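In the UniProt record's numbering, the protein residues as written are 1 to 827.
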């Protein structure tokens with residue numbers, strides 16, 4: 001605003017002295033230059049704001065399971081309509097207002113609506129209403145949608161709340177402090193320049209282009225004095241404009257926007273801006289196993305039934321099984337599941353949906369055991385369901401067969417957990433026999449053998465109950481069960497996981513696998529993924545522990561051992577949270593992956609929470625900073641690489657801009673003190689400002705991540721923004737520029753044999769081209785070869801070409817606007 005005020009005054013005095021034809025150039029040029037700078041900055045910020053808004057909208061696009069055309073199918077939350085039947089399970093966000101249709105043990109968290117932290121039970125009798133925006137915390141069920149969008153209770157509440165998209169990241173806050181400090185330095189230099197130039201002018205030590213004194217005391221016209229004063233103030237304010245690095249926030253915005261867009265292409269959706277930069281400082285990644293390190297494409301490959309082992313999953317398996325065990329398995333699998341089997345006709349191939357584990361078990365039961373799930377459901381009535389959760393690691397169902405008074409409970413879950421509750425087992429004839437210690441050890445050996453082959457072992461158990469005095473059982477009993485059999489599910493490691501783990505290790509990032517699987521399965525998978533080395537002494541260095549073991553350590557023991565732990569098996573979400581807290585207390589920057597509702601505390605506690613886009617619940621996604629869209633660990637490594645790239649690109653721009661600032665301040669200050677005039681005019685400085693703040697920011701912010709970034713240790717969270725190497729580069733480049741420009745300032749006329757205007761034009765042109773080459777220098781902070789990989793960033797080369805072209809136009813064709821004269825090729 002001060003610069004515009006000076007420009008208006010300069011415009012008025014210029015027109016009064018030289019007329020409209022020639023008098024408007026000085027003031028008009030400044031006004032036009034300010035207008036260009038403001039418009040370019042505003043357009044750039046607007047475009048980035050729109051991009052952030054689009055990415056924010058995409059993060060709100062939740063997929064829910066809806067029954068349409070007789071089958072379950074995923075539908076966007078924005079495509080839900082009144083009358084839809086929505087299927088709900090633990091971790092789901094309720095997409096609309098509706099009423100309860102059917103389900104078991106359904107509980108929801110309504111704290112987002114009511115503020116009450118207690119979970120509310122939903123049923124068809126007392127409380128059948130479900131509200132949009134609330135989250136399922138237990139059980140499963142279905143609802144009929146009654147209102148959507150802004151007509152829901154959540155929509156009405158959110159319509160009165162404006163969402164703040166101008167999130168400031170920690171790095172932006174640090175840069176703001178740096179910007180303020182540099183601004184104060186610039187103000188001080190500008191004030192000195194103002195004082196020196198004023199003193200020189202009013203003491204008659206300045207001359208005009210003709211070599212005549214500009215001020216003769218009372219003999220000088222008032223308008224001439226005011227015009228000179230306005231020119232001096234304009235020069236001082238221009239120095240402030242260039243000195244204050246307002247381009248730093250723009251550079252951060254451009255870098256974050258570019259990175260977010262590219263990360264989306266690399267299957268990572270950023271929900272919180274701060275995660276982009278924090279990920280670059282990550283020292284430890286606590287990762288899940290299933291679906292992240294593995295493909296999450298499970299298949300039953302081994303079965304243990306009645307003492308027999310088999311790898312066959314074909315229909316003839318049922319003919320070799322005891323009819324009693326076969327019937328109980330069909331019943332247990334068909335009723336104790338959250339999956340679904342859809343058949344369009346009796347001749348069509350069944351379509352199986354559900355979680356990967358449920359799909360694998362249902363596929364085995366349908367194709368191997370001849371399960372007809374609809375027939376089983378018609379013959380039984382479900383009394384009570386205990387849904388699976390990651391703490392109990394099992395699920396159960398209480399049923400009563402039609403026309404019978406007996407009650408049956410079926411359990412399914414982690415093999416050793418279920419086995420511990422079994423007192424009996426079925427032999428190959430279907431006879432129930434007591435499980436003695438020898439038989440228990442034999443079954444435990446089977447479980448360990450499966451686990452050593454990287455198989456997830458699931459056990460099935462059953463118990464028959466009698467009604468007591470007509471009273472119906474409403475709770476499942478967990479003791480005295482009869483073991484039906486075991487299945488081993490194979491979940492292959494993802495291709496490229498071992499290479500990704502090796503990349504992290506080389507980058508100084510520790511990988512810890514936190515899984516609910518047993519010790520043997522976890523160890524086998526960790527070796528396969530490269531987290532553990534084959535033949536490594538895991539017992540002595542305590543690299544593999546169980547969750548309960550870690551939980552029972554004292555705080556001092558946890559702190560002492562946590563760095564050595566690389567695999568935590570049979571862990572609960574609370575164990576994962578404990579590990580994250582312990583690592584953070586030791587100064588680590590921790591990234592955590594999670595997909596379940598119970599992972600939410602660990603995801604929130606971590607410095608960077610990474611939820612899974614495919615298998616992750618909506619609660620997990622909402623608690624995370626970044627959503628990994630393909631559930632792949634390699635994408636986590638990509639996020640790590642981009643995080644380091646964001647930090648590195650911002651450092652490049654800091655080095656570039658501070659070099660320009662130092663050079664511009666020094667040359668103008670020394671020139672003003674020595675001659676009473678500045679070689680770089682207001683318009684020229686504004687042009688340089690435009691190059692620095694927009695074009696250079698765009699060029700340096702769009703550098704792609706390189707493999708070199710993963711060859712260095714993580715940047716500490718308290719590490720200085722300007723490193724020693726940057727200071728060396730910055731001061732060396734600034735010294736070179738100042739030396740060249742001061743030589744031109746004091747010896748330019750004699751070297752080139754030109755007048756003052758040509759000399760000042762050469763200084764301006766040289767200064768701009770110094771910044772062009774400075775952009776090349778800033779590309780590689782620690783490497784000597786600044787041109788390495790230059791052809792991969794076409795945008796950088798395009799911006800350099802545009803800058804050079806515009807500079808030529810500025811000097812050669814906009815002489816009056818830029819206050820320059822034409823130069824020959826030699827100059």
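For every residue, glycine included, the Cβ atom is placed at its ideal position computed from N, Cα and C. Please read all numbers here as calculations on a predicted model, not as lab measurements.
*Please state whether DSSP places residue 161 in a helix, a strand or coil.*
Locating residue 161 in the chain shown gives position 161, counting from the first residue. Confidence is the limiting factor: at residue 161 the pLDDT is only 44, short of 50, which leaves the residue's position unreliable, though a coordinate-based value still follows. DSSP places residue 161 in coil when its eight states are reduced to three.
*Buried or exposed (CB count within 10 angstroms, at least 16 for buried), residue 163*: Taking the first residue of the chain shown as 1, we reach residue 163 at position 163. With a pLDDT of only 46 at residue 163, under 50, the local geometry of the prediction cannot be trusted, and the value read off the model is given with reservation. Counting Cβ neighbours within 10 Å, residue 163 comes out exposed, since fewer than 16 surround it.
*Give a yes or no on whether the C-beta atoms belonging to residue 637 and residue 504 are separated by under 8 Å.*
Residue numbering aside, residue 637 sits at position 637 when the chain shown is read from its first letter. Residue numbering aside, residue 504 sits at position 504 when the chain shown is read from its first letter. In terms of Cβ geometry, residue 637 and residue 504 form a close pair [threshold 8 Å].
*Among 542, 530, 582 and 534, which has the Cα closest to the Cα of residue 554?*
Here residue 554 is taken as the residue at index 554 of the chain shown, counted from 1. Ranked by how close their Cα comes to the Cα of residue 554, the residues 542, 530, 582 and 534 have 582 in first place.
*asked:* Short of 6 Å in beta carbon distance, which residues of its chain neighbour residue 634, apart from the five on each side in sequence? Order them along the chain.
replied: Locating residue 634 in the chain shown gives position 634, counting from the first residue. 496 and 500.
*With respect to the alpha helix (DSSP H) encompassing residue 605, which residues constitute its N-terminal and C-terminal limits?*
Locating residue 605 in the chain shown gives position 605, counting from the first residue. Unbroken alpha helix (DSSP H) run through residue 605: 600-605.
*Are residue 781 and residue 657 touching if we call contact CB-CB under 8 Å?*
Within the chain shown, residue 781 is the residue found at index 781, counting from 1. Within the chain shown, residue 657 is the residue found at index 657, counting from 1. Going by C-beta atoms, residue 781 is not nearer than 8 Å to residue 657.
_Out of 793, 763 and 678, which one is the CA nearest neighbour of residue 807?_
Along the chain shown, one-based indexing puts residue 807 at 807. Looking at the Cα atoms, 763 is the closest of the given residues.
*At least three beta-carbon pairs within less than 8 Å, the stretch 513-528 to the stretch 289-301*: Enough Cβ pairs lie closer than 8 Å, so yes.
*asked:* Considering only their Cβ atoms, is the gap separating residue 797 from residue 786 smaller than 8 Å?
replied: Position 786 of the chain shown holds residue 786. Position 797 of the chain shown holds residue 797. Their beta carbons are not under 8 Å apart, which means residue 786 does not touch residue 797 by this criterion.
*Over the uninterrupted alpha helix (DSSP H) stretch that includes residue 750, give me the two end residues.*
What you label residue 750 is simply residue 750 of the chain shown in a count that begins at 1. Run containing residue 750: 724-752, per the alpha helix (DSSP H) assignment.
*How should residue 13 be labelled, buried or exposed, when 16 other C-beta atoms within 10 angstroms of its C-beta is the threshold for buried?*
Residue 13 sits at position 13 when you count from the first residue of the chain shown. Residue confidence is low: residue 13 scores 48 on pLDDT, short of 50, so the model does not pin down where it sits. No coordinate-derived value is stated.
*Proximity test, Cβ basis, 8 Å: residue 84 and chain C*: Reference to chain C is not applicable here, since this structure consists of a single protein chain.
*Could you tell me how far apart the beta carbons of residue 142 and residue 97 are, in whole angstroms, since I believe they sit closer than 8 Å?*
Within the chain shown, the letter at position 142 stands for residue 142. Within the chain shown, the letter at position 97 stands for residue 97. Actually they do not touch by this definition, with Cβ atoms about 15 Å apart.
_residue 684 - containing alpha helix (DSSP H), residue span_ = Here the question's residue 684 lines up with position 684 in the chain shown. 682-690 is the extent of the alpha helix (DSSP H) around residue 684.
*asked:* Considering Cα atoms alone, identify which of 654, 669 and 705 is closest to residue 179.
replied: Within the chain shown, residue 179 is the residue found at index 179, counting from 1. Nearest to residue 179 by C-alpha distance, out of 654, 669 and 705, is 654.
*What's the gap between the Cα of residue 489 and the Cα of residue 298?*
In the chain shown, the residue the question calls residue 489 occupies position 489. In the chain shown, the residue the question calls residue 298 occupies position 298. Cα to Cα, the separation comes out at about 6 Å.
*Return the CA-CA distance between residue 809 and residue 689, expressed in angstroms with no decimal places.*
Locating residue 809 in the chain shown gives position 809, where the first residue counts as 1. Locating residue 689 in the chain shown gives position 689, where the first residue counts as 1. Approximately 17 Å, taken between the alpha carbons.
*Helix, strand or coil: how does DSSP classify residue 783 here?*
Position 783 of the chain shown, counted from the start, is the residue given in the question as residue 783. In the three-state DSSP reduction, residue 783 falls in the coil class, being neither helix nor strand.
*Kindly indicate the opening and closing residues of the alpha helix (DSSP H) around residue 363.*
Taking the chain shown and counting its residues from 1, the one referred to as residue 363 is at position 363. Here the alpha helix (DSSP H) through residue 363 covers 356-368.
*Are residue 251 and residue 699 closer than 8 Å when you measure CB to CB?*
Sequence index remark: in the chain shown, residue 251 carries index 251 (1-based). Sequence index remark: in the chain shown, residue 699 carries index 699 (1-based). No, they are not a contact pair.
*Check whether the stretch 326-339 touches the stretch 361-371, counting contact only when three or more Cβ pairs, one atom from each stretch, lie closer than 8 Å.*
As far as the Cβ criterion goes, the stretch 326-339 touches the stretch 361-371, which means the pair count is three or higher.
*Compare the beta carbon distance of residue 433 and residue 427 with 8 Å and say whether it is the shorter of the two.*
Walking along the chain shown from the start, residue 433 turns up at place 433. Walking along the chain shown from the start, residue 427 turns up at place 427. Less than 8 Å separates the beta-carbon of residue 433 from that of residue 427.
*Can you have a look at residue 469 and say buried or exposed, based on whether 16 or more other CB atoms are within 10 angstroms of its CB?*
Position 469 of the chain shown, counted from the start, is the residue given in the question as residue 469. Because residue 469 sits at a pLDDT of 48, beneath the cut-off of 50, its placement in the model cannot be relied upon, and the point is left open.
*asked:* Using C-beta distances below 7 Å, list every residue in its chain close to residue 760, excluding the 5 sequence neighbours before and after it, in chain order.
replied: One-based indexing of the chain shown puts residue 760 at position 760. Cβ neighbours of residue 760 within its own chain (closer than 7 Å, five residues either side excluded): 679.
*Can you give me the Cβ contacts of residue 324 inside the same chain, cut-off strictly under 6 Å, excluding the 5 residues immediately before and after it?*
Counting from one through the chain shown, the residue named residue 324 turns up at place 324. Counting only residues of its own chain and dropping the five nearest sequence neighbours on each side, residue 324 has a CB closer than 6 Å to the CB of 430.
*From 743, 71 and 78, pick the residue whose C-alpha is nearest to that of residue 62; which is it?*
By one-based count along the chain shown, residue 62 stands at place 62. For the residues 743, 71 and 78, the minimum Cα distance to residue 62 belongs to 78.
*Whose C-beta lies closer than 6 Å to the C-beta of residue 161 among residues of the same chain, with five residues either side of it excluded?*
Start at 1 with the first residue of the chain shown, and residue 161 comes out as number 161. Any answer about residue 161 is weak, because its pLDDT of 44 lies below 50 and its placement is not dependable; what the coordinates show is given next. Around residue 161: no qualifying Cβ.
*Nearest-angstrom Cα separation, counted from residue 105 out to residue 152*: Mapped onto the chain shown, residue 152 falls at position 152. Mapped onto the chain shown, residue 105 falls at position 105. The straight-line gap from Cα to Cα measures roughly 24 Å.
*Thinking C-beta only, is residue 335 closer than 8 Å to residue 410?*
Within the chain shown, the letter at position 410 stands for residue 410. Within the chain shown, the letter at position 335 stands for residue 335. In this structure, residue 335 lies closer than 8 Å to residue 410 by Cβ.
*Rounded separation between residue 95 and residue 137 - CA only*: Here residue 95 refers to the residue found at position 95 of the chain shown. Here residue 137 refers to the residue found at position 137 of the chain shown. Cα to Cα, residue 95 sits roughly 15 Å from residue 137.
*Between the Cα of residue 380 and the Cα atoms of 184, 452, 402 and 687, which residue gives the shortest distance?*
Within the chain shown, residue 380 is the residue found at index 380, counting from 1. Nearest of 184, 452, 402 and 687 to residue 380, Cα basis: 402.
*In the stretch 65-115, which residue ranges form an unbroken alpha helix (DSSP H) of at least 4 residues, counting only runs that do not cross its ends?*
Restricting attention to alpha helix (DSSP H) runs no shorter than 4 residues, the stretch 65-115 encloses them at 111-114, ordered along the chain.
_Based on DSSP bridge pairs, tell me the residues matched to residue 593._
As a first step, residue 593 is located in the chain shown; it is residue number 593 there, counting from the start. DSSP output for residue 593 lists 610 as bridge partner(s).
*Beta-carbon proximity of residue 594 to residue 288, cut-off 8 Å*: Numbered from its first residue, the chain shown carries residue 594 at position 594. Numbered from its first residue, the chain shown carries residue 288 at position 288. Going by C-beta atoms, residue 594 is nearer than 8 Å to residue 288.
_Tell me the DSSP secondary structure of residue 807 in three-state form._
Counting from one through the chain shown, the residue named residue 807 turns up at place 807. Secondary structure of residue 807 (DSSP, three-state): helix.
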